[in-house]
Amino acid sequence: FEKPSAIQQRSIKPIMKGRDVIAQAQSGTGKTATFSISILQSLDTQVRETQVLVLSPTRELAVQIQKVILALGDFMNVQCHACIGGTNLGEDIRKLDYGQHVVSGTPGRVF
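Using this note's numbering, read the sequence shown as starting at 6 and increasing by one per residue.
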């Protein structure tokens, strides 16, 4: 990242202030990075419990969000797990018991 995209310039500060933001932009403009950066700014990584839940309509999007959060939060040692259908439920439970700062998932598996 060298310069924030338009969606990032307009969204990150309001999100950080705790405001609800509905943002729409074309593919590849950094929407996932926008809310991921905001999520990472609000985490207390010393607390090993779920602090953020991100619900996605598809498994693919939930996994993509997990990957972005892990990549951006790598230096912070952020724990993020994708709870999605079609994967081992026991593994989800084990990961959640271990402590995940962020859970990215689909409604069917999360609920």
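C-beta atoms are modelled at their ideal positions from N, C-alpha and C, and glycine is treated no differently.
For the alpha helix (DSSP H) holding residue i, just list the boundary residues, first then last.
i    : result
G113 : P112 to V115
Classify residue i as buried or exposed, calling it buried when 16 or more other Cβ atoms lie within 10 Å of its own Cβ.
i   : result
G35 : buried
V52 : exposed
S41 : buried
S43 : buried
Under 7 Å Cβ to Cβ from residue i, same chain only, skipping five residues before and after it: list those, please.
i    : result
Y84  : Note that residue 84 corresponds to Gln in the displayed sequence, not to Tyr. Excluding positions up to five away in sequence, the list reads G104, Q105 and H106.
G113 : G90
Residues in its own chain within less than 8 Å of residue i by CB, not counting five upstream and five downstream?
i    : result
R75  : Arg is not the amino acid found at residue 75; the sequence shown has Leu there. So the list reads V83 and C85, once near-sequence residues are dropped.
T111 : L60, S61, P62, T63, R64, A67, C88, I89 and G90
L45  : I74, L77, G78, M81 and V83
A38  : F6, Q13, V73 and L77
T15  : Correcting the residue type first, residue 15 is Arg in the shown sequence and not Thr. A28.
Can you name the residues that DSSP bridges to residue i?
i   : result
V59 : S109
Identify, in the order they occur along the chain, each residue of the same chain with its Cβ nearer than 6 Å to the Cβ of residue i, setting aside the five sequence neighbours on each side.
i    : result
D97  : C88
K100 : H86
V115 : C88
S109 : V59, A67, I70, Q71 and A87
Tell me the residue span of the beta strand (DSSP E) that contains residue i.
i   : result
A76 : Note, A76: premise wrong, no beta strand (DSSP E); alpha helix (DSSP H) at R64 to L77.
A87 : C85 to C88
Would you check whether the ligand NAD has a heavy atom nearer than 7 Å to the C-beta of residue i?
i   : result
L60 : With respect to the ligand NAD, the structure shown offers nothing to examine, as it has no ligands at all.
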